[in-house]
Every structure is written in C-alpha cells, then in structure tokens.
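Colleague: Here's a structure for you.
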Amino acid sequence: AQSVTQLDSHVSVSEGTPVLLRCNYSSSYSPSLFWYVQHPNKGLQLLLKYTSAATLVKGINGFEAEFKKSETSFHLTKPSAHMRDAAEYFCVVSVGSGGYNKLIFGAGTRLAVHP
Amino acid sequence: EAGVTQFPSHSVIEKGQTVTLRCDPISGHDNLYWYRRVMGKEIKFLLHFVKESKQDESGMPNNRFLAERTGGTYSTLKVQPAELEDSGVYFCASRPRTGRNTEAFFGQGTRLTVV
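If you read the sequences in order, they're chains A and B.
With my numbering applied, the first sequence closes on residue 1205, and no number is skipped along the way.
With my numbering applied, the second sequence closes on residue 110, and no number is skipped along the way.
Written out as structure tokens, the structure is:
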C-alpha cells in the first residue's frame, strides 16, 4: 500500500534560516506526491506537486522539494524562513487508478518560526 | 472563481443530536471528497463522489454517517446520532477530473464539537 511518513511532528527555526521538512514515501510504482500547507483557521493550500516531469519541483512562496527515488524521499525545503511560513505542512500521496483515486496524508509537521 | 465552500465553519452539538455538514465544490468539478481530522490524529479519507455516485466510501467510520450528493453538485454529510468521538475537523475537497496528478482543492473545513 502507498503511504507517506513525515519524520518530524514539529520543526522550529529562526527567521532567515533554512527550512527542511522531511517526508518519505512508500510506493510500488512512480508516485504522485504533493505538499499542502494549512495556516491557522485556513483551508489546505497546495504548495507544490511532483508528477515525474522533473525531480526538483518549485512551489509557491519560495518552497521547493526534490524527489529522490533512491532514498524514497520528497523533502520540502526553503532557503530562508519567514514568520509567515509558520503553519502545518502535509506530505500527501495520490493513490489509486482510473476513477478510483484519493489522497493519503502524512501526519503533518508543524513549523514554528522565531524572530 | 469561487473555491470550495463549507458550511457551517463551526458546530457544537450535544451527544445524540444530528448534524449536517455541507460542501459546495468548485463548479464543474466532478470529484468530491470528504476527509476528517480528529484532534491529534492524521487527516483521514472518508469517501469519494464522482458526480452523484459514491465511488469509494471505504473510510466512512460507521453507519451513523451518511453522505449524499444529489444532482452531482453540492454534498452533505450527516452524522446521526453524533457521538463524542465524532468531534474533529471535516474537510471537503474537489478535483476537476480523476487522475493521480490532479490537484485537489480544499475547503476551510467544519469544526465539529460534540459535547
């Protein structure tokens, strides 16, 4: 079965320092992977998605993620954190085929950004 | 273009009562999903509609939950009778077409509290 594992439930960084949110996936074939973000009292918003076109995927707000098949990873990074990046981040895999298709979520990583 | 809209944003009900949650997907999106996040737990899949048909309801917890999507437009999720463990945030999402690579658009969620 396909799944994703987010390795950290909480990450804390200082403003201006790099962000690394880790995600490993389990899949028997080339997966479709997404990162979503949820700010407080907001809905889930797509940051970026991997669909096998390119291993390095750039998303919104300066985030990017690299798909590494050899490590079964899809870690989310950002060179310099801003206060507004404080939110919860979800690594998501799309499973199924044809008309049967759904998203499976990781447990989430809560990012805190300190001044 | 309007996004996915959910009503109400919050609901507090007593154990044993009935609550109906509503989701209006993005116009033209055939695929509609319900997800739930119980406090401290992962976001879990509940069910998937394609137009008015239930494609996959494998995530529905029990027969106290009933989802409908009359006419393939908006959807309702009824909980009757509600139990304490039903508390959580219920998310709705829509997708324009089925496919592993397709982004899902989420509503802001309905926070249900059963007391």
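Each residue gets a CB set at the ideal place from its N, CA and C atoms; glycine is no exception.
Anything in chain A within Cβ reach of B/Glu37, meaning under 8 angstroms, just list it in chain order.
Modeller: Those are Phe1195, Gly1196, Ala1197 and Gly1198, listed as they occur along chain A.
Colleague: Taking beta-carbon pairs under 8 angstroms, can you tell me which members of the stretch 1169 to 1186 of chain A lie near chain B?
Modeller: Hits within the stretch, in order: Phe1180, Ser1184, Val1185 and Gly1186.
Colleague: Count the other CB atoms within 10 Å of the CB of A/Ala1155; is the residue buried (16 or more) or exposed (fewer)?
Modeller: Its Cβ being crowded by 16 or more others within 10 Å, A/Ala1155 is buried.
Colleague: Listed from N- to C-terminal order along the chain, which residues in the stretch 1145 to 1157 of chain A have their beta-carbon within a distance smaller than 8 angstroms of any beta-carbon of chain B?
Modeller: If the cut-off is 8 angstroms between Cβ atoms, the stretch 1145 to 1157 of chain A has nothing near chain B.
Colleague: According to the Cβ coordinates, are A/Pro1169 and A/Pro1121 closer than 9 angstroms?
Modeller: Not closer than 9 angstroms, so no.
Colleague: What's the call for B/Val115, buried or exposed, on a 16-neighbour Cβ count within 10 Å?
Modeller: Beyond the ends of chain B as shown, which are -4 and 110, falls residue 115 of chain B; an answer cannot be given.
Colleague: Name, please, each residue of chain A whose Cβ falls closer than 7 angstroms to the Cβ of B/Gly66.
Modeller: What B/Gly66 touches in chain A: nothing, since even the nearest Cβ is about 19 angstroms away.
Colleague: Only counting the same chain, and skipping five residues up and downstream in sequence, which positions put a Cβ closer than 7 angstroms to that of B/Gln103?
Modeller: For B/Gln103, where only same-chain residues beyond five positions count, the Cβ hits under 7 angstroms are Gln1 and Ser4.
Colleague: Is the CB-CB distance between B/Leu61 and B/Ser53 below 9 angstroms?
Modeller: No, the Cβ-Cβ distance between B/Leu61 and B/Ser53 is not below 9 angstroms.
Colleague: Does DSSP put B/Asn25 in a helix, a strand or coil?
Modeller: Position check: residue 25 of chain B holds Asp in this sequence, whereas Asn was assumed. B/Asp25: coil per DSSP, three-state reduction.
Colleague: Closer than 7 angstroms by C-beta to A/His1165: which residues in its own chain qualify, once you throw out the five before and the five after it? Chain order, please.
Modeller: Leu1110, Leu1111, Arg1112, Cys1113, Ala1155 and Glu1156, listed in sequence order.
Colleague: Once you ignore the five residues that flank A/Ser1117 on each side, which residues in its own chain have a CB closer than 6 angstroms to its CB?
Modeller: Excluding positions up to five away in sequence, the list reads Gln1092.
Colleague: Among the candidates A/Lys1192, A/Leu1134, A/Leu1146 and A/Glu1105, whose CA atom is the shortest distance from the CA of A/Glu1178?
Modeller: Nearest C-alpha to A/Glu1178: A/Leu1134.
Colleague: For B/Lys36, count neighbouring Cβ atoms within 10 angstroms of its own Cβ and tell me buried if that reaches 16, exposed if not.
Modeller: So B/Lys36 ends up on the exposed side.
Colleague: Would you say B/Arg17 and B/Phe86 are within 9 angstroms of each other, going by their C-beta atoms?
Modeller: Contact: no.
Colleague: Output needed in chain order: residues of the stretch 65 to 95 of chain B with a Cβ under 9 angstroms from some Cβ in chain D.
Modeller: Of the chains in the structure shown, none is chain D; the protein chains are A and B.
Colleague: Could you tell me the alpha carbon to alpha carbon distance between B/Glu98 and A/Lys1139, rounded to whole angstroms?
Modeller: When rounded, the distance between both Cα atoms is 8 angstroms.
Colleague: Find the residues of chain A that neighbour B/Ala99, judging by a C-beta separation of less than 7 angstroms, and give them in chain order.
Modeller: By Cβ distance, chain A contributes Leu1193.
Colleague: Using alpha carbons as the reference points, say which of B/Tyr28, B/Thr65 and B/Phe40 lies closest to B/Glu47.
Modeller: Of B/Tyr28, B/Thr65 and B/Phe40, the residue nearest in Cα terms is B/Thr65.
Colleague: Quick one: what's got a C-beta closer than 7 angstroms to B/Val7's C-beta in the same chain, skipping five residues either side?
Modeller: Excluding positions up to five away in sequence, the list reads Thr108 and Val110.
Colleague: With DSSP collapsed to three states, give me the class of B/Arg95.
Modeller: Here B/Arg95 sits in coil by DSSP.
Colleague: Here's the rule I'm using: 16 or more other beta-carbon atoms within 10 Å means buried, otherwise exposed. How should B/Leu27 be labelled?
Modeller: So B/Leu27 ends up on the buried side.
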